[in-house]
Amino acid sequence: MEPAALRIVHVITRLIVGGAQENTVLTCEGLAQRGHDVYLWAGPTTGPEGSLVPRVERAGRSPNGAYAYEEFPDLVRQISPACELRALAALRRRLEQLRPDVIHTHSSKAGILGRIAAHRAGVPVIVHTVHGMSFNRTQAWPARALYAALERFCARRCHKIVSVADAMTRQALEAGVGRPDQYVTVRSGMVTADFDPARYEGREVRRAWGMPDDAVVVGTVARLFENKGYEQLIEAIPRAVQAEPHLRFVWIGDGAHRAKYEAELVRRGLRDRVTITGLLPPEEMPRVLSGMDLVAHASQWEGLPRAVVQGMLMGKPAVCFDLDGAPEVVIPGETGELAAPGDVGAFADAIVKLARDAALRARCGEQGRRRCLLEFDHHRMVDALEGLYRSLRK
1 MEPAALRIVH VITRLIVGGA QENTVLTCEG LAQRGHDVYL WAGPTTGPEG
51 SLVPRVERAG RSPNGAYAYE EFPDLVRQIS PACELRALAA LRRRLEQLRP
101 DVIHTHSSKA GILGRIAAHR AGVPVIVHTV HGMSFNRTQA WPARALYAAL
151 ERFCARRCHK IVSVADAMTR QALEAGVGRP DQYVTVRSGM VTADFDPARY
201 EGREVRRAWG MPDDAVVVGT VARLFENKGY EQLIEAIPRA VQAEPHLRFV
251 WIGDGAHRAK YEAELVRRGL RDRVTITGLL PPEEMPRVLS GMDLVAHASQ
301 WEGLPRAVVQ GMLMGKPAVC FDLDGAPEVV IPGETGELAA PGDVGAFADA
351 IVKLARDAAL RARCGEQGRR RCLLEFDHHR MVDALEGLYR SLRK
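Numbering (the working numbering), first residue to last: 1 to 394.
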């Protein structure tokens with residue numbers, strides 16, 4: 001006999017174009033296609049980072065795997081006690097009406113308010129995913145201490161905590177968040193079949209960017225925002241270009257700091273070295289990645305960089321700082337290169353090392369692709385989460 005379908009609510013703060021959001025939407029789609037009664041709740045999605053709401057609304061009209069989307073106006077990213085109290089009350093009220101089997105929360109604000117609301121509403125299974133720590137090394141001490149305390153409080157009000165990288169579990173436990181038996185690692189899945197290097201002609205993409213034929217193209221896919229590593233990239237580019245003049249850089253993304261970064265590139269005389277495409281939809285990623293020779297991701301705070309995995313799926317080696325989840329996929333000399341956190345010179349040198357050695361790039365790219373095909377398929381992610389929900393609902 002087929003096991004009964006579950007009523008599952010996913011809650012996330014915003015549905016911008018980003019790794020946590022794409023993970024959540026893919027999970028909802030996969031669970032709905034398996035016959036579960038799925039709901040996706042989020043706050044307003046505004047700003048230059050783009051929106052996944054149109055995709056979610058299309059899914060709601062799909063005859064296969066439809067799920068319900070609802071926006072909560074007071075579930076906003078910025079700190080606002082009045083909004084938070086209203087959002088908490090609204091979430092609890094809807095949970096008491098809907099009576100789901102499972103609530104699964106994502107991101108800092110939705111994770112805190114969603115778990116508290118679910119606990120008070122008596123939801124039988126409460127799960128939270130750590131896509132990236134809400135408290136981190138880039139924050140001032142008071143904010144870091146506050147978020148760590150809130151995470152400790154909320155960990156006592158949920159049954160399981162899903163980490164996208166083992167590093168997230170270690171960091172949380174070191175801060176006293178939850179118990180070891182609460183944690184399980186589930187890789188952030190993608191539709192790996194979409195990332196097939198044989199389907200794309202990278203030279204056409206490079207021509208559209210205006211790249212010289214002999215250019216070695218270094219790509220970065222990330223919001224143009226603080227902590228995404230653009231300050232470090234801007235510092236690294238002069239050293240890298242001096243050592244390897246064929247280097248060109250392309251940044252895929254948009255964000256609140258775009259004008260600031262463009263001005264800094266102009267000030268340093270680097271504007272002709274860097275192409276900024278602006279925001280592109282997620283479905284464009286395989287094509288644009290095909291035009292790159294390697295991926296450079298200098299983020300200062302990340303769970304496990306989705307763009308790095310996508311680059312590897314397209315056969316591109318990666319350069320990252322050795323922090324958070326990056327070393328779980330970037331293996332020096334095997335799938336890319338790592339630099340010590342904060343060592344911009346070493347980051348530049350790692351770019352140069354790969355730029356100068358096409359055979360090394362090809363070897364690392366192939367090994368990275370094999371590794372990521374095994375670990376990051378979205379079916380594997382949905383299998384793991386569905387199994388987790390059922391084990392907790394027994």
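Beta carbons are placed, not taken as given, at the ideal position from N, Cα and C, and that holds for glycine.
Nearest candidate by alpha-carbon position, reference residue i, set the options
{"i": "residue 208", "options": "270, 61 and 287", "result": "287"}
{"i": "residue 185", "options": "335, 67 and 304", "result": "304"}
{"i": "residue 232", "options": "89, 187, 341 and 52", "result": "341"}
{"i": "residue 268", "options": "234, 298, 284 and 244", "result": "234"}
{"i": "residue 352", "options": "244, 279, 2 and 392", "result": "244"}
{"i": "residue 172", "options": "201, 150 and 189", "result": "150"}
{"i": "residue 277", "options": "107, 210 and 35", "result": "210"}
{"i": "residue 72", "options": "146, 113 and 50", "result": "113"}
{"i": "residue 167", "options": "302, 76 and 380", "result": "302"}
{"i": "residue 201", "options": "314, 368 and 335", "result": "314"}
{"i": "residue 44", "options": "34, 61, 77 and 36", "result": "77"}
{"i": "residue 250", "options": "242, 226 and 280", "result": "280"}
{"i": "residue 373", "options": "8, 329, 321 and 324", "result": "329"}
{"i": "residue 121", "options": "323, 292 and 92", "result": "92"}
{"i": "residue 307", "options": "322, 327, 293 and 285", "result": "285"}
{"i": "residue 258", "options": "106, 66 and 228", "result": "228"}
{"i": "residue 230", "options": "344, 7 and 65", "result": "344"}
{"i": "residue 260", "options": "371, 323 and 226", "result": "226"}
Spatial distance of residue i from residue j (CA atoms)
{"i": "residue 129", "j": "residue 263", "result": "37 Å"}
{"i": "residue 192", "j": "residue 247", "result": "29 Å"}
{"i": "residue 38", "j": "residue 187", "result": "21 Å"}
{"i": "residue 224", "j": "residue 319", "result": "18 Å"}
{"i": "residue 196", "j": "residue 366", "result": "12 Å"}
{"i": "residue 194", "j": "residue 81", "result": "42 Å"}
{"i": "residue 255", "j": "residue 49", "result": "6 Å"}
{"i": "residue 273", "j": "residue 363", "result": "26 Å"}
{"i": "residue 124", "j": "residue 104", "result": "11 Å"}
{"i": "residue 18", "j": "residue 290", "result": "20 Å"}
{"i": "residue 54", "j": "residue 312", "result": "28 Å"}
{"i": "residue 253", "j": "residue 240", "result": "22 Å"}
{"i": "residue 162", "j": "residue 360", "result": "35 Å"}
{"i": "residue 119", "j": "residue 110", "result": "14 Å"}
{"i": "residue 165", "j": "residue 369", "result": "18 Å"}
{"i": "residue 203", "j": "residue 385", "result": "39 Å"}
{"i": "residue 297", "j": "residue 132", "result": "15 Å"}
{"i": "residue 20", "j": "residue 142", "result": "25 Å"}
{"i": "residue 331", "j": "residue 216", "result": "21 Å"}
{"i": "residue 116", "j": "residue 84", "result": "11 Å"}
{"i": "residue 90", "j": "residue 56", "result": "21 Å"}
{"i": "residue 68", "j": "residue 219", "result": "36 Å"}
Three-state class that DSSP yields for residue i in the structure shown
{"i": "residue 131", "result": "coil"}
{"i": "residue 80", "result": "coil"}
{"i": "residue 109", "result": "helix"}
{"i": "residue 36", "result": "coil"}
{"i": "residue 347", "result": "helix"}
{"i": "residue 179", "result": "coil"}
{"i": "residue 332", "result": "strand"}
{"i": "residue 261", "result": "helix"}
{"i": "residue 389", "result": "helix"}
Element boundaries [alpha helix (DSSP H), containing residue i]
{"i": "residue 251", "result": "No alpha helix (DSSP H) holds residue 251; the beta strand (DSSP E) holding it covers 247-252."}
{"i": "residue 24", "result": "19-33"}
{"i": "residue 365", "result": "358-375"}
{"i": "residue 231", "result": "230-243"}
{"i": "residue 417", "result": "No answer is possible for residue 417: the residues shown for the chain start at 1 and end at 394."}
{"i": "residue 297", "result": "Segment 294-297 is the beta strand (DSSP E) holding residue 297; no alpha helix (DSSP H) there."}
{"i": "residue 58", "result": "53-60"}
{"i": "residue 208", "result": "202-208"}
{"i": "residue 68", "result": "It is not in any alpha helix (DSSP H) - residue 68 instead sits in the beta strand (DSSP E) that spans 68-71."}
Exposed unless 16 or more other CB atoms sit within 10 angstroms - verdict on residue i
{"i": "residue 378", "result": "buried"}
{"i": "residue 266", "result": "exposed"}
{"i": "residue 282", "result": "buried"}
{"i": "residue 4", "result": "exposed"}
{"i": "residue 97", "result": "exposed"}
{"i": "residue 13", "result": "buried"}
{"i": "residue 212", "result": "exposed"}
{"i": "residue 79", "result": "exposed"}
{"i": "residue 22", "result": "buried"}
{"i": "residue 100", "result": "buried"}
{"i": "residue 153", "result": "exposed"}
{"i": "residue 29", "result": "buried"}
{"i": "residue 70", "result": "exposed"}
{"i": "residue 41", "result": "buried"}
{"i": "residue 316", "result": "buried"}
{"i": "residue 337", "result": "buried"}
N-terminal and C-terminal residue of the beta strand (DSSP E) that residue i is part of
{"i": "residue 163", "result": "160-163"}
{"i": "residue 218", "result": "216-221"}
{"i": "residue 167", "result": "Segment 166-174 is the alpha helix (DSSP H) holding residue 167; no beta strand (DSSP E) there."}
{"i": "residue 287", "result": "Where residue 287 is concerned, there is no enclosing beta strand (DSSP E), although the alpha helix (DSSP H) it sits in stretches over 285-290."}
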